[in-house]
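Peer 1: Listed in order, the protein sequences are those of chains G and F. Residue numbering for the first sequence follows our numbering, starting at 1 and increasing by one per position. Residue numbering for the second sequence follows our numbering, starting at 215 and increasing by one per position. From the three backbone atoms N, C-alpha and C, an ideal C-beta is built for every residue, glycine too. Take this structure first; my questions come after.
There are 2 protein chains.
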Amino acid sequence: MDDHGSTGLAGRRGQAARNDAAILDAAREVFLADPKAPVAAVAERAGVGMSALYRRYPGKEDLLRRLCHDGLRRWIEEAEAVEAEPDAWKALVVFLERIVDADVHSLTVHLAGTFTPTEEMGSDARRAAGLMDRLVERAHAAGRLRRDVVADDMGLVLESCAAIRVPDPERTQELRRRCLAMLLAGLAGDGAGPLPGPAPAPGELNWRWRRRSG
Amino acid sequence: MDDHGSTGLAGRRGQAARNDAAILDAAREVFLADPKAPVAAVAERAGVGMSALYRRYPGKEDLLRRLCHDGLRRWIEEAEAVEAEPDAWKALVVFLERIVDADVHSLTVHLAGTFTPTEEMGSDARRAAGLMDRLVERAHAAGRLRRDVVADDMGLVLESCAAIRVPDPERTQELRRRCLAMLLAGLAGDGAGPLPGPAPAPGELNWRWRRRSG
DNA sequence: AGCAGAACGGAATGTTCTGTTCCACTGCTA
DNA sequence: TAGCAGTGGAACAGAACATTCCGTTCTGCT
């Protein structure tokens, strides 16, 4: 059976393929705005019925998991992409900008806790942490990052930027960039005094990932 | 009828007065953690029954409103308190630290949208904005704040810090302080380049306050 | 041309969750 | 000591939600 090109527009096959994407896009938008949003909201936003959704995912949790895992993979992808950049500081900055622009942090952090994670997600998360470590280490070695900043502080930075949200998505992105710029200016060079408090410990900001104790 | 001292510990009167505070404290904790939390969670946390709650507030919305308005008043209080500080930069920093420590920003911003605001709250909000303007203006005049930062950028800062949250409240406060310090270091002096994008417009970050259009 | 079934929209269903009310009880207060 | 303000917690009604089901459409293959 020929496929007429897998992403072609014609026929039922194309419709289905387009729905695949529409559902994922809608789910991203809806669940990023409110992680507890009802499934029906996703269907409505995607312009499809409930059955189109349940044909693809056994349940809500599976959709959430998929969304989160996709975000995690994107994270790793971006982190690997900037490793080629020779300027360590620029690599870090570009990476953070990309994560902030794509709203990947919310995807991987705020969605956690709404589903039970796979083992593969666990190992991917470890891999991601390793990449972040290296990125920060390089920036330190280049002397461009203030010394009392640790890799897990980047979690603080991303969490801060992801918190900015206004109804218009494009404006949201602009404001987040502005927030990131303020943080970066504070991160570079040595500030007036040392940063207060113990630095965030590894995994401390990912508490939503911990298995529910109830 | 004598009162034995209005906050005294003895008897039914004292019990009631203590419950007043317990309910407000519990409500703050619960609703800050999740603005959509059920009322029963507040009662449980406060260690009281439902009737103790409904005797004081006609409904959930009234409790939320009260919480938010209290936060707004606290905001104004803190802003007025630092006006006496002669060092403009220190005034701004101390103010931000106090707001972050007391988690007042979440109270006034994240709770909005869960109730319909009073007119008095509207005027208080305007008053608060005016105080922020003056605080930033002073810091600018003293040359301690980078020139392309506007008053509404403080909303960005507070939103960022308020987003940091871990299960332990004290640790949360430490991490927020750290986040604030990074932002302040970036805010002081002129950074590497100008801040990107149009600065946040007045009221742009308070969109939750806008009346629901549905 | 004609059939088998993949894909779909959306209403129906059963269940959980929540705001609010109600009632019997307690122990100050006057 | 009589009365009632104050209370705990169960009961209730209705909203919200994930999931299922059924009738329909239209493609892809023979």
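Can you check whether the CB of G:Leu107 is closer than 8 Å to the CB of G:Leu32?
Peer 2: Yes.
Peer 1: With 8 Å set as the bound, which would you pick, yes or no: does the beta-carbon of G:Gly186 sit closer than that to a beta-carbon of chain F?
Peer 2: It does: the Cβ of G:Gly186 has a partner Cβ on chain F nearer than 8 Å.
Peer 1: Can you tell which of G:Pro117, G:Arg65, G:Ala151, G:Met132 has the C-alpha that lies nearest to the C-alpha of G:Glu83?
Peer 2: The shortest Cα separation from G:Glu83 among G:Pro117, G:Arg65, G:Ala151, G:Met132 belongs to G:Met132.
Peer 1: Is the Cβ of F:Met264 closer than 8 Å to any Cβ of chain G?
Peer 2: So no, F:Met264 is outside the interface.
Peer 1: Report yes if the C-beta of F:Leu238 is less than 7 Å from at least one heavy atom of the ligand GDP; otherwise report no.
Peer 2: In terms of ligand content, the structure shown is empty, and the ligand GDP therefore cannot be addressed.
Peer 1: Following the continuous alpha helix (DSSP H) through F:Ala183, name the residue where it begins and the one where it ends.
Peer 2: Residue 183 of chain F lies beyond the stretch modelled for chain F, which goes from 215 to 428, so this question has no answer here.
Peer 1: Against chain G, which members of the stretch 315-338 of chain F pass a CB distance test of less than 7 Å?
Peer 2: Correct list: empty, as no residue qualifies.
Peer 1: Output yes if chain F places a C-beta closer than 8 Å to the C-beta of G:Glu170; else output no.
Peer 2: Not one chain F Cβ lies under 8 Å of G:Glu170.
Peer 1: Which residues of chain F have a Cβ atom closer than 7 Å to the Cβ of G:Glu159, listed in chain order?
Peer 2: The contacting residues are Ala377, Ile378.
Peer 1: Should the stretch 365-383 of chain F be called in touch with the stretch 134-144 of chain G, which here means at least 3 C-beta pairs below 8 Å?
Peer 2: No: the two stretches stay apart, fewer than three of their Cβ pairs being nearer than 8 Å.
Peer 1: Name the chain G residues that come within less than 9 Å of F:Arg270, Cβ to Cβ?
Peer 2: Neighbours of F:Arg270 on chain G: none; closest Cβ ~28 Å, over 9 Å.
Peer 1: Does the stretch 46-62 of chain G come within contact of the stretch 76-94 of chain G, defined as at least 3 CB pairs closer than 8 Å?
Peer 2: Contact fails: fewer than three Cβ-Cβ distances are below 8 Å.
Peer 1: Sort F:Thr386, F:Cys393, F:Gly273 by Cα distance to F:Phe329 and report the nearest one.
Peer 2: The residue with the shortest Cα to Cα distance from F:Phe329 is F:Gly273.
Peer 1: Identify the contact partners of G:Trp207 in chain F, using a Cβ-Cβ distance below 8 Å as the criterion.
Peer 2: By Cβ distance, chain F contributes Val380, Pro381.
Peer 1: Between the C-alpha atoms of F:Arg242 and G:Ala41, what's the straight-line distance to the nearest angstrom?
Peer 2: Distance between the alpha carbons of F:Arg242 and G:Ala41: 30 Å.
Peer 1: Going by C-alpha distance, which of G:Leu24, G:Ala52, G:Lys90 is nearest G:Leu63?
Peer 2: Taking only the C-alpha atoms, the option nearest G:Leu63 is G:Leu24.
Peer 1: Less than 8 Å between the beta carbons of G:Ala151 and G:Ala79, yes or no?
Peer 2: No.
Peer 1: Against chain F, with Cβ distances strictly below 8 Å, would G:Ala84 count as a contact?
Peer 2: No, its Cβ sits nowhere closer than 8 Å to a Cβ of chain F.
Peer 1: In the stretch 33-118 of chain G, which residue ranges form an unbroken alpha helix (DSSP H) of at least 4 residues, counting only runs that do not cross its ends?
Peer 2: Taking only runs of at least 4 residues, the alpha helix (DSSP H) segments lying wholly in the stretch 33-118 of chain G are 39-46, 50-56, 60-81, 88-102, 104-109.
Peer 1: Specify the secondary structure class of G:Asp153 as computed by DSSP and reduced to three states.
Peer 2: In the structure shown, G:Asp153 sits in a helix (DSSP, three-state: H, G or I).
Peer 1: Examine chain F for any beta-carbon lying closer than 8 Å to the beta-carbon of G:Pro198, and answer yes or no.
Peer 2: With 8 Å as the cut-off, G:Pro198 counts as an interface residue toward chain F.
Peer 1: Take the Cβ of G:Gly155 as the centre, count every other Cβ of all protein chains shown within 10 Å, and call the residue buried at 16 or more, exposed below.
Peer 2: Its Cβ being crowded by 16 or more others within 10 Å, G:Gly155 is buried.
Peer 1: What is the DSSP secondary structure of F:Pro383, reduced to helix, strand or coil?
Peer 2: The answer is helix: DSSP assigns F:Pro383 an H, G or I state.
Peer 1: Count the other C-beta atoms from every protein chain shown that fall within 10 angstroms of the C-beta of F:Gly285, then say buried if there are 16 or more, exposed otherwise.
Peer 2: That one is buried.
Peer 1: Could you check if F:Ala443 is buried or exposed, using at least 16 other CB atoms within 10 Å of its CB as the buried criterion?
Peer 2: Outside the shown range of chain F (215 to 428) lies residue 443 of chain F, about which nothing can therefore be said.
Peer 1: For G:Leu180, I'd like the list of residues in its chain whose CB is within less than 8 Å of its CB, leaving aside the five on either flank, ordered along the chain.
Peer 2: Closer than 8 Å at Cβ, skipping near neighbours: Leu96, Glu97, Val100, Val157, Cys161.
Peer 1: Just mark F:Arg379 as buried or exposed, buried being the case when its beta carbon has 16 or more other beta carbons within 10 Å.
Peer 2: F:Arg379 is buried by the Cβ-count criterion.
Peer 1: Going by CA-CA distance only, name the one from F:Arg348, F:Arg288, F:Leu267, F:His283 that's closest to F:Leu306.
Peer 2: That would be F:Arg348, whose Cα lies nearest to the Cα of F:Leu306.
Peer 1: On a Cα-Cα basis, can you pick out the residue from F:Ala266, F:Val323, F:Pro249, F:His324 that is closest to F:Gln229?
Peer 2: Per the Cα distances, F:Ala266.
Peer 1: Tell me the DSSP secondary structure of G:Ile164 in three-state form.
Peer 2: The answer is coil: DSSP assigns G:Ile164 none of H, G, I, E or B.
Peer 1: Any beta carbon from chain F within less than 8 Å of G:Ala181's own beta carbon?
Peer 2: Chain F, which has a Cβ nearer than 8 Å to the Cβ of G:Ala181, makes this yes.
Peer 1: Name, please, each residue of chain F whose Cβ falls closer than 9 Å to the Cβ of G:Glu204.
Peer 2: Result: Val380, Arg385, Leu389.
Peer 1: With a threshold of 8 Å on Cβ separation, who are the neighbours of G:Glu61 within its own chain once the five nearest residues in sequence on each side are excluded?
Peer 2: Taken in chain order, the residues that qualify are Thr114, Phe115, Thr116.
Peer 1: Using the three-state DSSP reduction, which class does F:Leu372 fall into: helix, strand or coil?
Peer 2: F:Leu372 falls in the helix class under three-state DSSP.
Peer 1: May I have the straight-line CA-CA distance separating F:Thr332 from G:Asp103, to the nearest angstrom?
Peer 2: The alpha-carbon atoms of F:Thr332 and G:Asp103 are separated by roughly 34 Å.
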